[in-house]
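J.:
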Amino acid sequence: FEVDSQTCLLHPSTIYFVHASEAALEGCYIFYDQERGTWVRTGKAVGSALSNPRAGLVQREKVHRMAAEKSTPNDNNKFYLTYPTRHNKNRLKKAKYYKDSKQFVRMAFEQDKD
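For what it's worth, our numbering labels the leading residue of the sequence shown as 19, then goes sequentially.
(1) Where do the N-terminal and C-terminal ends of the beta strand (DSSP E) with L43 fall, by residue?
(2) What does a CB cutoff of less than 8 Å around Q52 pick up in its chain, not counting 5 residues either side in sequence?
(3) Would you identify the three-state DSSP class for F35, choosing helix, strand or coil?
(4) Could you check if H82 is buried or exposed, using at least 16 other CB atoms within 10 Å of its CB as the buried criterion?
(5) Restricting to runs no shorter than 4 residues, where is the alpha helix (DSSP H) found entirely within the region 66-117?
(6) Check each candidate in K88, K62, K96 and F97 and name the one with the smallest Cα separation from M125.
(7) Looking only at DSSP bridge pairs, what is R59 linked to?
(8) Among residues of its own chain, excluding the 5 on either side of P91, which ones have a beta-carbon nearer than 7 Å to its beta-carbon?
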């Protein structure tokens, strides 16, 4: 077992995590490469703005999918070139597809409406 800067030390099982499906949930998420069996990206989806009152986990996944469709080598984000949609012509040679990754919830909450 070799560890380098790209190795994820989290247990590769997804049974302890749920898929983000409730639009009101905000919090931390993690992307899992279903083909390789490893976690590949973490992030957060919190805070509300006037232009986007609910920037939750479901909305953040939609933003990731749109970026995976439009990414180019100049975007400086290897995740979207490594996990592009099938329609993206700029994908890396050994790229997986975005559909091969899945977003799971690490920790989530729903903000009060007050």
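Backbone N, C-alpha and C define an ideal beta-carbon position, used for all residues, glycine too. Small disclaimer: the values here were computed from a predicted structure and weren't measured.
T.: Answer, in terms of the structure:
(1) In the sequence shown, the residue the question calls residue 43 occupies position 25. Segment L43 to D51, the beta strand (DSSP E) holding L43.
(2) Reading the sequence shown from its first residue, position 34 is the one you call residue 52. Here the set comprises D118, S119 and K120.
(3) By 1-based counting over the sequence shown, the position of residue 35 is 17. DSSP places F35 in coil when its eight states are reduced to three.
(4) The sequence position of residue 82 within the sequence shown is 64, counting from 1. H82 comes out buried.
(5) 75-88 and 96-100
(6) Mapped onto the sequence shown, residue 125 falls at position 107. It is K62.
(7) Residue mapping note: residue 59 aligns to position 41 of the sequence shown, counting from 1. According to DSSP, R59 bridges with F49.
(8) Taking the first residue of the sequence shown as 1, we reach residue 91 at position 73. Cβ neighbours of P91 beyond the five flanking positions: L99 and N108.
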